[in-house]
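First residue of the sequence shown? That's 5 in this note's numbering, and the numbers climb one at a time after it. All C-beta atoms in this analysis are idealised placements derived from N, C-alpha and C, irrespective of residue type, glycine included.
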Amino acid sequence: MPRPDTSPFPPAAQAPGPPVPPLHALRFDNRLVEELPGDPRTDAGRRQVHGAMWSAVEPTPVSAPRVLAVSREMLDTLGIDESEVATAGFAAVFGGNALLPGMRPYAGNYGGHQFGHWAGQLGDGRAITLGEVLTAGGERWELQLKGAGPTPYSRTADGRAVLRSSVREFLCSEAMHHLGVPTTRALSLVGTGDAVMRDMFYDGHPAPEPGAIVCRVAPSFLRFGHFELPASRGETGLLQQLVGFCIRRDYPHLDAASPHVLGDWFGEVCERTAVMVGHWMRVGFVHGVMNTDNLSILGLTIDYGPYGWIDNFDPDWTPNTTDAQHRRYRFGQQAAVAYWNLGRLAAALASLDGAVEPLQAGLARFVSRYEASERQTTTDKLGLDGWRDGDQPLMDDLQAWMHEAEVDMTLCFRALADVDPQVPDAGIFQHAFYDEARRDAGRPALDAWLHRYAARLLDGAQDPTARRERMRRVNPRYVLRNYLAQEVIDRATAGDPSGIAELLEVLRRPYDDQPGNERFAQRRPDWARERAGCSMLSCSS
Ligand code: AMP
Ligand code: MG
C-alpha cells in the first residue's frame, strides 16, 4: 500500500506541567484469567478446548505497525497521554508487536448460535485480549486487539483483519458511543504493513488487501456464547463459575449471595439488551450478524462486521449479503432476534438449577423494557409532550409513508423538529427523498399525516423552542452512513488515512448542526446505491 510522507500524528510539543505517565504506567488487574480456569495448553495450535474459558496466546508480530487513528476520549479514559500516540511504543503495543508489563494476553472460549443453528465452539479466532486496565478512577477496561494473529480458536482462518473492516469497526464503535448507544469502544486503529488475502464476495476471486488491527475496549467482552458453550457440553461446574464471575466482576451491584441472583442477573441482561436494541431502532443501525456469539452480556453493541445504517427507511433492509435470502437480521426484526437469542441464553442457564420461572420472568422483562423504550422513542423522536394511546399509530403511519415514498430516515426525523404546527409545510422534507415519482405519489399521505401531527402538537402544552431542542437531542444529524465510511476506506486504502480522523471529528457531535460539515449530513448519493461497502456488506473481513 502506498504511504503518505507525513504521519497524522506529529510529535506533540513539550508542554510545561506535570510529567506525563508513560504507556507502561498502565495498571493491569487481570481478573478473568486469574479467576476462571484456563486451557493448560499454551501453543497456538487450533483445537477444541474443554473445561476452560480461555487460552493463553500472544499476538503475532506484524511488519510495520503504523497508527492510523486514535480515539481521544478513550486515550483520556485510560489515562494515556496523547503525546504517547506518536511513539514507536504505542504502535508496537497496539499493533501486537510488544506487550506491556502486567499484560496477560488470552483468547476467549465461546460458542454460539449462528443464523439460528448451534455452531459449537467458535471462540476468539482473531481477537486477543491484552489485559484488564484498572484506571486511576477505579474503572475496569479490557483491551482487546482484533486481527492480531491466530489463536487456538482460529479454525481454518488466519486471525487477521483487513483495513476496510477495521476502519468500519473503529469508526462505528466511537460513533455509537457519541450517539448515546451502549457499545464496545475503540482506542486505536493500526495498519500492519502486511497484506491479508480475502475473497470479498466468496466468488473465487481472492485478492490481497492491507491488514489492520483495532484495539477495542470494554468493561467485559463476555458474550451469550460464553455461557452456551459449557452448557452445551454439560460442563455445569464451569458454567456456574462463569456466571458467578460475571456477576462479581461485571454486575457488582447485584447481591451474589442472594438465592435470587441468577434470575436478577438474567433479568438485567434482558433489560440491557432491550435498551441497546431500542437505541439501534432510534438511530437506524442494523447490526447485520446478531448471532449469539455477537451479543454482549453487558448489553453493548459488539462485533461490528457487515453492519449498516438505514438511509431510505426500510424495515426489511439488511446490509449483510450472507443474510440476503432470509433477512433474518433485517432492521425491523432486531428486537425479535434479540429475544430469541436471550431464549438461547436462558436455555443454557436452565441447566444450572432447573427453575425456569426466574428465567421466564427475565424474558418478560425484555418485553416490557423494549415496549417502554419503543414508547419513549416515539415520544422523543416526534417531540410529543407525553405518551397517549393514539401516538403509536402516528409513528407507524409516518414510517409507512417513509417506506413507501423512499424517504431518508435520519433527514426526515431531523426535519420534523422544524415543523411549525400552525403552518405545517411539507417543503421541509424536500432534501430527504430518493425517488421523485415515489415522492410525488406519497404527497397526499404526507399532507394528511402532517395535518394529524400538527393537531397533536397543538393539543399538547409545549414550548416550541424546548420541543425543538429536545427533538434535536434524539434525532441525530450525523450518522456513519455506509457511503461515508466507504469513502474514507477508499482514501485510506490509497494511502491517505486522514479521512478517518476527519470523519470521527464530525461523528463526535452527532446532534449538533456543524456549519461547514453539511456534506456529511447528506442523503446517500446515487453512486452508492448498489456499491459494495455502501449498500451491501460481505462477512469477509
Ligand atoms: P464473526 O462472524 O466475525 O462474528 O466471526 C465468527 C467466528 O469466526 C468468531 O469465532 C471469529 O473469531 C472467527 N473469525 C472470523 N474471522 C476470522 C479470521 N480472519 N481468523 C480467525 N477467526 C476468524
Ligand atoms: Mg463475532
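Q) When you compare each of ARG481, ALA131, GLU473 and PHE524 to VAL492 by their alpha carbons, which one comes out closest? A) With distances taken between Cα atoms, VAL492 lies closest to PHE524.
TODO: Counting only the same chain and skipping the five closest in sequence on each side, list residues whose C-beta sits under 7 Å from that of ALA354.
DONE: VAL360 and LEU363
Under three-state DSSP, which class holds THR139?
coil
- Start and end residues, alpha helix (DSSP H) containing HIS121: Taken as a continuous stretch (DSSP letters only), HIS121 belongs to no alpha helix (DSSP H), being part of the beta strand (DSSP E) at 121–125.
Thinking C-beta only, is ASP315 closer than 7 Å to ARG528?
yes
**Q.** ligand 1 site residues, beta-carbon cut 7 Å against heavy atoms
**A.** LEU126, GLY127, ASP128, GLY129, ARG130, ALA131, PRO154, TYR157, SER158, ARG159, ALA161, ASP162, GLY163, ARG164, ALA165, VAL293, ASN295, ASP297, ASN298, ASP307, GLY309, CYS543 and SER545
| said: Is it buried or exposed, MET201, if we count other Cβ atoms within 10 angstroms and call 16 or more buried? | reply: exposed
Residue range of the alpha helix (DSSP H) that includes THR497 = Counting along the chain, the alpha helix (DSSP H) containing THR497 begins and ends at 486–497.
Sufficient close CB pairs (3 or more, under 8 Å) joining the stretch 438–449 to the stretch 457–467: no
- Item | Candidates ALA340, LEU149, ARG474 and PRO425, of which the one nearest GLY195 by Cα | LEU149
**OP:** Closer than 7 Å by C-beta to VAL74: which residues in its own chain qualify, once you throw out the five before and the five after it? Chain order, please.
**Re:** VAL89, LEU191 and SER192
What residue range is occupied by the uninterrupted beta strand (DSSP E) comprising GLN244?
-> No beta strand (DSSP E) holds GLN244; the alpha helix (DSSP H) holding it covers 240–254.
Note the first and the last residue of the continuous alpha helix (DSSP H) segment covering THR196.
-> THR196 -> not in any alpha helix (DSSP H); beta strand (DSSP E) instead, spanning 189–202.
| said: Given this structure, state the Cα-to-Cα distance separating ARG460 from LEU402, to the nearest angstrom. | reply: 14 Å
Check your understanding: How is ARG7 classed by DSSP in three states: helix, strand or coil?
Key -> Because ARG7 carries a pLDDT of 38, less than 50, the predicted location of this residue cannot be relied on, and the following value inherits that uncertainty. The DSSP-derived three-state label of ARG7 is coil.
Out of MET399, GLU86 and SER236, which one is the CA nearest neighbour of TRP122? SER236
- Query: Assuming GLY197 and ARG70 make a contact with CB atoms under 8 Å, what is their CB distance in whole Å?
  - Reply: At roughly 7 Å, the Cβ-Cβ gap stays under 8 Å, so GLY197 and ARG70 are in contact.
Between the stretch 298–314 and the stretch 385–405, do at least 3 Cβ pairs fall closer than 8 Å? no
Using three-state DSSP, classify ARG76 as helix, strand or coil.
helix
### Query
Alpha carbon to alpha carbon, how far is ARG7 from GLY503?
With a pLDDT of only 38 at ARG7, under 50, the local geometry of the prediction cannot be trusted, and no value is derived from it.
message = MET294 and ARG189 - do their beta-carbons sit closer together than 7 Å?
response = Contact flag unset, no.
The beta strand (DSSP E) that contains GLU213, what's its start and end?
211–222
Report task. Could you tell me how far apart the beta carbons of GLY129 and ARG159 are, in whole angstroms, since I believe they sit closer than 8 Å? Result -> Rounded, the Cβ-Cβ distance is 6 Å, consistent with contact.
Q.
Let me confirm a value: PRO63 is counted as buried when at least 16 other C-beta atoms fall within 10 Å, else exposed. Which label applies?
A. Classification of PRO63: buried, given that the 10 Å Cβ count is 16 or more.
Problem - ARG51 in three-state terms, based on DSSP - result: coil
query: Taking the continuous alpha helix (DSSP H) assigned at HIS283, which residues delimit it?
result: Here the alpha helix (DSSP H) through HIS283 covers 265–287.
Can you check which of these residues, GLU440, TYR438, ARG418 and ALA441, is closest to ILE432 by C-alpha distance?
Out of GLU440, TYR438, ARG418 and ALA441, ARG418 has the C-alpha closest to the C-alpha of ILE432.
In whole angstroms, what separates the C-alpha of PRO12 from that of ASP494? With a pLDDT of only 38 at PRO12, under the threshold of 50, the placement of this residue in the model should not be trusted; the figure read from the coordinates follows. One C-alpha to the other measures close to 17 Å.
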